[in-house]
Amino acid sequence: MRLAGKTVFVTGAANGIGRSCALAYAREGASVALADVDLAGARDAASEIGAAALAMECDVSRAASVERAAAEALARFGEIHALHNNAGIAGPSKPLDETSEEEWDVLMAINLKSVFLAVRAFLPALRRTRGTILNTASMVGLIGQSRHAAYTATKGGMITLTKSMALDYAADGIRANAICPAAVMTPMLESWCDSQPDPAATRELLGRIHALGYCPKGDEIASAAVFLLSDDARFVTGCILPVSGGAELGYRV
Ligand SMILES: NC(=O)c1ccc[n+]([C@@H]2O[C@H](COP(=O)([O-])OP(=O)(O)OC[C@H]3O[C@@H](n4cnc5c(N)ncnc54)[C@H](O)[C@@H]3O)[C@@H](O)[C@H]2O)c1
0 MRLAGKTVFV TGAANGIGRS CALAYAREGA SVALADVDLA GARDAASEIG AAALAMECDV
60 SRAASVERAA AEALARFGEI HALHNNAGIA GPSKPLDETS EEEWDVLMAI NLKSVFLAVR
120 AFLPALRRTR GTILNTASMV GLIGQSRHAA YTATKGGMIT LTKSMALDYA ADGIRANAIC
180 PAAVMTPMLE SWCDSQPDPA ATRELLGRIH ALGYCPKGDE IASAAVFLLS DDARFVTGCI
240 LPVSGGAELG YRV
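Next comes the structure, spelled out in structure tokens:
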């Protein structure tokens, strides 16, 4: 029960990594606010948790929606001890010059501006609880990825935001960290595989890129997230943690 007595606000909690994290936080004793544009999915995930969960509709790219969700979560739980910025979209598989201005703007708003909006909305509460911020970035925000320049830019931005926030809010006792998965078999990745020229070969490749030999589903990511939100990580801030099965390591044969 490493999160007993804590309340966590998780975005993108209806599916994939966010859902796995929300369920893991609840198993560790936390109350969880599950925010997503997919309200039905958030309700479904909340029903697996029970009374300690609150599902709410929230578009993380819109300030009014984020502020409304923050107010609703605070009204229900009284305090928030952790903000997990996880909602995101994969965006187009294209090099930069083929990316439209609209695709760029949508990606930036959902994947990056969302962090700014949520941190701004929750900072007074996080200052009261000396709470913590966790961002779901990506390994490609550190190492790059072909045909995904705009997406990788959002994740690289998230990584530097994490470090800068760790510095800015350390005096308030607020920690800020990020997790960097390589690939995780979630609804996002399933549809990304389907959009590739050879979906079966892409799925096979996603198993192989991880040195540990398989593509995880979400629990592996949630375990690292629990640690970073818990008091076990009380002296860990500005950490960009690969949860990647060694996908980024070295040359391979
Ligand atoms: N799956 C991977 O391989 C992988 C790897 C590295 C990083 N990530 C990152 O992990 C995070 C979660 O990805 P996932 O694979 O679980 O995706 P997913 O599509 O399975 O789940 C993402 C959730 O975010 C929600 N969402 C989308 N736009 C939203 C918005 N505007 N406001 C609120 N909610 C919104 C979706 O409804 C969905 O429930 C993303 O930030 C993604 O970039 C994923």
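What the sequence shown shows, in numbering that gives the first Met the number 0, is residues 0 to 252, in sequence order. Ideal Cβ positions, reconstructed from N, Cα and C, are used throughout, including at glycine. The structure displayed is predicted, hence computed values, not measured ones.
Using only CA atoms, which one of the options lies nearest to residue i?
i    : options                   : result
A29  : G40, A12, G15 and A52     : A52
D58  : L188, A44, T6 and N84     : N84
V139 : R129, V183 and A108       : V183
H147 : A200, L95, A54 and D230   : L95
G15  : V31, L204, E71 and I88    : I88
L160 : N134, V252 and M107       : N134
K162 : Y150, A175, A50 and L116  : A175
A68  : G11, D197, T151 and N110  : G11
G49  : E101, Y24 and V36         : Y24
A81  : V118, I158, M157 and A54  : V118
N110 : L122, L125, P123 and G90  : G90
G156 : A200, L125 and F115       : F115
L125 : R251, G212, P198 and M164 : M164
I173 : A70, R207 and A232        : A232
P241 : E56, I158, E47 and A199   : I158
S194 : S92, V9 and A34           : S92
T332 : R129, V252, L106 and S190 : Nothing about residue 332 can be reported from this structure: the residues present for the chain run from 0 to 252 only.
Could you check whether residue j and residue i sit closer than 7 Å to each other, using their CB atoms as the reference points?
i    : j    : result
C120 : E66  : This sequence places Ala at residue 120; Cys is not what is there. Yes. Within cutoff.
I132 : E247 : no
A210 : G245 : yes
W103 : A149 : yes
S137 : K154 : yes
L205 : C214 : yes
L2   : S229 : yes
V225 : E27  : yes
A45  : A54  : yes
S60  : A13  : no
V7   : V31  : yes
T201 : C192 : yes
Could you give the DSSP three-state label for residue i: helix, strand or coil?
i    : result
C184 : The identity of residue 184 in the sequence shown is Met, whereas the question assumes Cys. If DSSP states are grouped into helix, strand and coil, M184 belongs with coil.
T236 : coil
N85  : coil
V252 : coil
A270 : Past the boundaries of the shown model lies residue 270; the chain is included only from 0 to 252, so the question cannot be answered.
M0   : coil
P266 : Residue coverage of the chain in this structure runs from 0 to 252, which leaves residue 266 outside it and unanswerable.
C179 : strand
N14  : coil
S19  : helix
P123 : helix
For residue i, decide whether its Cβ has a neighbour in chain C, counting only Cβ atoms nearer than 7 Å.
i    : result
A148 : Here there is only one protein chain, and chain C is not present.
**Request:** Pair every Cβ in the region 39 to 50 with every Cβ in the region 68 to 80, then say whether three or more of these pairs are closer than 8 Å.
**Result:** no
**Request:** Indicate whether the contact test is met: 3 or more Cβ pairs, each with one atom in the region 202 to 220 and one in the region 175 to 191, closer than 8 Å.
**Result:** Three or more Cβ pairs drawn from the region 202 to 220 and the region 175 to 191 lie within less than 8 Å of each other, which places the two stretches in contact.
**Message:** I want to know whether the region 232 to 239 touches the region 159 to 172 - three or more CB-CB distances under 8 Å.
**Reply:** yes
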